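Enquirer:
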Amino acid sequence: MDHWYHYVLLVIVGFAVGFINTVAGGGSLLSLPTLIFLGLPPAVANGTNRVAIVIQTAMATAGFKSKGVSTFPFNVYLGISAFLGAILGARIAVDVDGETFNRILAIVMLSVVLIIIFKPKLKLEEMQERLTGKYLWISIVVFFFFGIYGGFINAGLGFLMILFMHFVNRMNLVRVNATKVVVVLVYMLAALAVFAFNDKVDWKVGLILAIGNGTGAWVSSRFSVKKGDGFIKSFLVVMVIIMAVKLWFFG
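Take any residue in the sequence shown, note its place counting from 1, add 1, and you have its number in this note's numbering.
(1) Take the Cβ of residue 138 as the centre, count every other Cβ of all protein chains shown within 10 Å, and call the residue buried at 16 or more, exposed below.
(2) In the DSSP assignment, find the unbroken alpha helix (DSSP H) run with residue 92 in it and report its ends.
(3) Residue 95 to residue 89, Cα distance in whole Å?
(4) Residue 197 and residue 48: beta carbons closer than 8 Å?
(5) Would you decide whether residue 199 is buried or exposed? Buried here means 16 or more other CB atoms lie within 10 Å of its CB.
(6) Would you tell me roughly how many angstroms separate the C-alpha atoms of residue 6 and residue 112, rounded to the nearest one?
(7) Span of the alpha helix (DSSP H) holding residue 212?
(8) If we ignore side chains and look at the alpha-carbon of each, how far apart do residue 165 and residue 25 end up?
(9) Quick check on DSSP: helix, strand or coil for residue 126?
(10) Which residue wins for smallest C-alpha separation from residue 60, given the options 183, 229, 235?
(11) Where do the ends of the alpha helix (DSSP H) carrying residue 62 lie?
(12) Out of 242, 170, 231, which one is the CA nearest neighbour of residue 129?
(13) Return the CA-CA distance between residue 167 and residue 161, expressed in angstroms with no decimal places.
(14) Tell me the rounded alpha-carbon separation between residue 177 and residue 226.
(15) Taking residue 14 as the reference, give the member of 209, 190, 141 with the closest Cα.
(16) Three or more beta-carbon pairs under 8 Å between the stretch 220-236 and the stretch 71-79, yes or no?
(17) Buried or exposed: residue 108, going by 16 or more other Cβ atoms within 10 Å of its Cβ?
(18) Out of 115, 50, 78, 140, which has the shortest C-alpha to C-alpha gap to residue 203?
(19) Quick one: grab the DSSP three-state call for residue 250.
(20) Report yes if the C-beta distance between residue 19 and residue 216 is below 8 Å; otherwise report no.
(21) Would you mind stating whether residue 235 and residue 64 have Cβ atoms separated by less than 8 Å?
(22) Going straight from the alpha carbon of residue 62 to that of residue 250, what length do you get?
(23) What is the rounded straight-line gap between the Cα of residue 133 and the Cα of residue 23?
(24) For a test of the three-state rule: what should DSSP assign to residue 10, helix, strand or coil?
(25) Taking the alpha helix (DSSP H) that residue 180 falls in, what are its first and last residues?
(26) Taking the alpha helix (DSSP H) that residue 167 falls in, what are its first and last residues?
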């Protein structure tokens, strides 16, 4: 990080990551390698990336709210559950071979694509949202485990959260994304605290990256509301395919 253009690169990469993460997910698969390439140790890169994600999700939340899209208090319930899971996830050390993990994640990504493409469209009479009762409790339990994964790695989790809320809670994709960014904001605060406590955060680099992340998230959140479900679905499919190919062939 000795050259000025490194910081310009961080902002540019951050913008792309913020846009991608807000509409779909998987942006950390771009930002983490960039941070490592610029000289940060992997553990510090992982922690530093959380700074940008916190700012990113805060900006995206504000962007969705400015367009009148909110799922309160459902998003808060899921956020609290994921927060507790993230504390556990950020403290867990899992001994998994990197190449094996990437290939497993690639299979998950391709499975997501198949579900998106071949899942029959929900009938209009079935599109009533299911945010209370047993569906709320099922979601709270599932998001606790999402939080564990998010606290530990987080890569690709956005895709799974989108699919779960769309098909289980019957939410349209715009409202799904509005919920997702709030949940990630809440649990990412827990993960960031754990990394910071263990001195695994480069705050200067993280805040510079956050400039790009936050800007990209703000633009993406407002743009996706305007474009609607069709744009989000197409963007989601493209991003999942790209991430799966990257993980499988390039590690």
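We put the beta carbon where it would ideally sit given N, CA and C, even for glycine.
Quick caveat: nothing in here was measured; it's all calculated off a predicted structure.
Expert: Taking the coordinates as given:
(1) Counting Cβ neighbours within 10 Å, residue 138 comes out exposed, since fewer than 16 surround it.
(2) 75-92
(3) Low local confidence applies: a pLDDT of 41 at residue 95 is under 50, so the model's placement there is unreliable, and no value is given.
(4) Taking the C-beta atoms as reference points, residue 48 is found nearer than 8 Å to residue 197.
(5) exposed
(6) 38 Å
(7) 204-228
(8) 13 Å
(9) In this prediction, residue 126 has a pLDDT of 47, which is less than 50 and means its spatial position is unreliable; what the coordinates show is noted afterwards. Of the three classes helix, strand and coil, the one that applies to residue 126 here is helix, per DSSP.
(10) Considering only alpha carbons, the answer is 183.
(11) 43-67
(12) Looking at the Cα atoms, 170 is the closest of the given residues.
(13) 10 Å
(14) 11 Å
(15) 209
(16) The stretch 220-236 is not in contact with the stretch 71-79.
(17) Answer is exposed; the Cβ neighbour count stays below 16.
(18) 50
(19) helix
(20) yes
(21) The answer is no: Cβ separation not under 8 Å.
(22) Rounded to the nearest angstrom, the two C-alpha atoms are 34 Å apart.
(23) 25 Å
(24) helix
(25) 174-198
(26) 158-168
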